[in-house]
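Below: one structure, written as structure tokens.
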Amino acid sequence: MLNTKIICSLGNVSKSLFSMLELVNKGMDFTLLCPAKDGFLRLEQRMKTLEEAVQMTEKKLKNILMLSPIHKGGEERSVNRTEVIREIKWGENLGVKYIICSNIHSGFDVLEYRRIIENTVKTSSEIILIAKVGNSESIKNINEILEQSDGILLDKQEMGQHFKTMQIPLIIKAVAFSCNESGKPVILQDEFNINEYKRIANMFIFDHLDGCSFSLNKGSGLRQEEVIHRFTGFLIAENRRSRKINESKRSELNSMSNVIHLVESSEAKAIVLQTKEGTSAEELLNLRLPIPIITITANKRLAYRFSLYRGSITLVSERSNSKEIIEEVKKVFPLMIGDRVVYIDDSVNDKGNHSFEIKVIGKELGYGYGIGGSILTGRVFIANGAFHENTMAFGDVLVIPNQETQVRAELIRKASLVITEEKSLNSFEAVVGLNLDKPMVLGAGGVSNIIHGEVVTVDTYSGIIYQGKS
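Residue numbering for the sequence shown is 1 to 470, as defined by the UniProt record's numbering.
Listed below in structure tokens is the structure:
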């Protein structure tokens with residue numbers, strides 16, 4: 001499923017290990033640390049318990065630090081830099097890479113926070129700065145705020161103080177659209193209402209919001225763990241219903257547009273993108289495709305930023321070999337034998353295009369030169385004289401192990417696909433196969449690994465033969 005990023009305030013959670021475990025298992029992706037509200041000591045105590053829970057579940061969580069406003073108050077807006085610097089240093093010691101700046105009115109406010117971070121944090125270039133907006137000025141200046149920040153946190157409760165109730169959904173939709181257009185993630189902070197969680201969940205799916213951070217109404221009687229469980233349960237159901245590509249995205253022209261056709265035709269379970277600069281990853285994420293996008297990059301800052309997008313999984317790796325990358329992906333995303341993934345290398349080839357491949361997950365039995373452009377699954381029939389030709393069924397995968405084997409055209413006609421050890425296009429099998437318009441793999445190495453009667457999946461795009469059913 002496409003996971004909407006769940007952000008939980010650590011100050012609202014019980015410090016018991018059981019509560020932390022429940023929170024992690026229910027789907028928490030980020031912890032929200034707000035020292036101005038919860039205090040340094042209280043947060044540190046809860047983080048120790050959370051570390052135990054994370055070790056037990058082997059799930060990786062990231063911390064987001066919410067800073068105090070640099071400027072407090074209304075028109076006077078008194079300066080509060082000392083407290084902000086103290087919070088930043090505390091976050092640096094914890095290894096925090098995500099920072100939310102509060103009480104933002106314009107792009108200049110974001111720049112002010114960024115200058116303080118650059119002067120305080122040694123690895124400031126890796127910090128992802130998220131602007132918290134909600135007041136009328138910030139909504140008016142949303143484009144300049146987007147330009148200076150790495151993402152937006154929309155505070156719905158603050159918006160309620162500045163706008164009429166009926167205006168708020170339209171503002172959320174407009175801000176989300178601006179964020180999507182600029183390639184920046186957008187998170188909604190809202191008070192959880194038991195009667196409205198279905199409407200809120202639909203908003204995340206159809207307005208393309210990337211993450212949520214819920215505050216709890218004390219009168220609701222709910223714990224944060226229960227809120228996440230209900231919310232993610234409904235998101236899963238809605239994701240299954242909405243596993244269709246947004247029609248408006250088909251008309252978008254960018255270097256990643258061809259992926260839409262590949263995803264639909266291959267029924268891929270995920271997209272694996274190897275990127276250096278991140279431009280192609282932004283284009284791909286902005287298509288809002290209904291399957292997870294796993295981004296591989298050596299750039300830590302890019303990895304941190306892409307982690308905020310809905311449906312995005314990121315890995316920091318310098319590997320360039322596609323087989324090694326797929327093995328890395330298996331550690332963080334469940335891929336079964338027979339699953340298909342669209343593999344993209346964003347380095348541009350000689351024709352100025354990106355490299356696209358469909359990869360089938362499974363044990364490789366052999367590979368050769370593929371003809372036909374399809375992925376087929378079938379039972380193997382080995383034409384080596386050891387098995388009676390009448391036992392071959394229509395749709396079997398015909399394997400011809402060597403040049404000396406005499407094969408009748410009738411067998412090739414019955415086969416769904418032909419694999420030959422002979423690589424010449426002038427061979428009898430190749431000529432008959434081409435005339436009958438059969439998918440083929442010629443010059444296949446590793447044919448001796450294929451067992452008569454077993455089921456194989458053959459990718460004629462790449463010429464690879466896999467063990468098992470797709």
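Just so you know, even glycine gets a beta-carbon here, dropped at the ideal spot from N, CA and C.
Does the pairing of the stretch 367-382 with the stretch 435-452 give three or more beta-carbon distances under 8 Å? yes
- Item | Rounded separation between residue 40 and residue 333 - CA only | 34 Å
Problem set entry | Whole-number beta carbon distance between residue 127 and residue 99, since they are thought to touch under 8 Å | 6 Å
Would you say the beta carbon of residue 45 comes nearer than 7 Å to a heavy atom of the ligand GDP? Within the structure as shown, the ligand GDP is missing, as the structure has no ligands at all.
### Task
Just the C-alpha distance for residue 162 and residue 362, rounded to the nearest angstrom, thanks.
56 Å
Report all residues from its chain with a CB closer than 7 Å to the CB of residue 258; omit the five preceding and five following residues, and keep chain order. 356
Looking only at its own chain, which residues have a Cβ that is under 6 Å from the Cβ of residue 455, when we skip the five neighbours before and after it? 379, 469
Requested in this report: Grab the span of the beta strand (DSSP E) containing residue 63 for me, first residue to last.
Outcome: 62-66
For residue 368 and residue 315, I'd like the C-alpha separation in whole angstroms. 31 Å
Exercise. If I'm right that residue 342 touches residue 466 with Cβ under 8 Å, what's the distance once you round it to whole angstroms?
Key: No, residue 342 and residue 466 are not in contact; Cβ-Cβ is about 16 Å, not under 8 Å.
Taking Cβ to Cβ, would you say residue 423 is nearer than 8 Å to residue 443?
-> yes
Could you pull out every unbroken beta strand (DSSP E) segment of at least 3 residues lying fully inside the stretch 365-434, listed in chain order? 375-382, 397-400, 417-420
So what's residue 361 in DSSP terms, helix, strand or just coil?
-> coil
- Based on the DSSP secondary-structure assignment, which residues constitute the bridge partners of residue 274? 296, 345
Between residue 27 and the rest of its own chain, which residues show a CB-CB distance below 6 Å, the 5 nearest in sequence each way excluded? 6, 228, 232
Worksheet entry | Cα-Cα separation, residue 286 to residue 180 | 6 Å
Helix, strand or coil for residue 111 per DSSP? helix
Worksheet entry | Local Cβ density within 10 Å of residue 336, reported as buried at 16 or more and exposed below that | exposed
May I ask which residues mark the beginning and end of the beta strand (DSSP E) holding residue 445? 440-445
Discussion item. Taking DSSP's pairing of strands, which residues face residue 130 in a bridge?
Written reply: 100, 151
#### Entry: Best match in 138, 117, 122 for proximity to residue 129 [C-alpha to C-alpha]
117
Identify the residues that DSSP records as bridge partners of residue 466: which are they? 364, 457
Contact under 8 Å by Cβ, residue 419 with residue 441
yes
Would the stretch 298-309 count as touching the stretch 322-331 if we require 3 or more Cβ pairs under 8 Å? no
Q.
I'd like to know whether the C-beta atoms of residue 132 and residue 172 end up nearer to each other than 8 Å.
A. no
My output table needs one value for residue 30: the three-state DSSP class, helix, strand or coil. strand
Once the 5 residues before and after residue 30 are set aside, which same chain residues still bring their CB inside 6 Å of it? 7, 62, 64
Worksheet entry | Cα-Cα separation between residue 146 and residue 176, rounded to whole angstroms | 11 Å
Quick one, are the C-beta atoms of residue 395 and residue 416 less than 8 Å apart?
yes
Self-check item: For residue 306: DSSP bridge partner residues
Solution: According to DSSP, residue 306 bridges with nothing at all.
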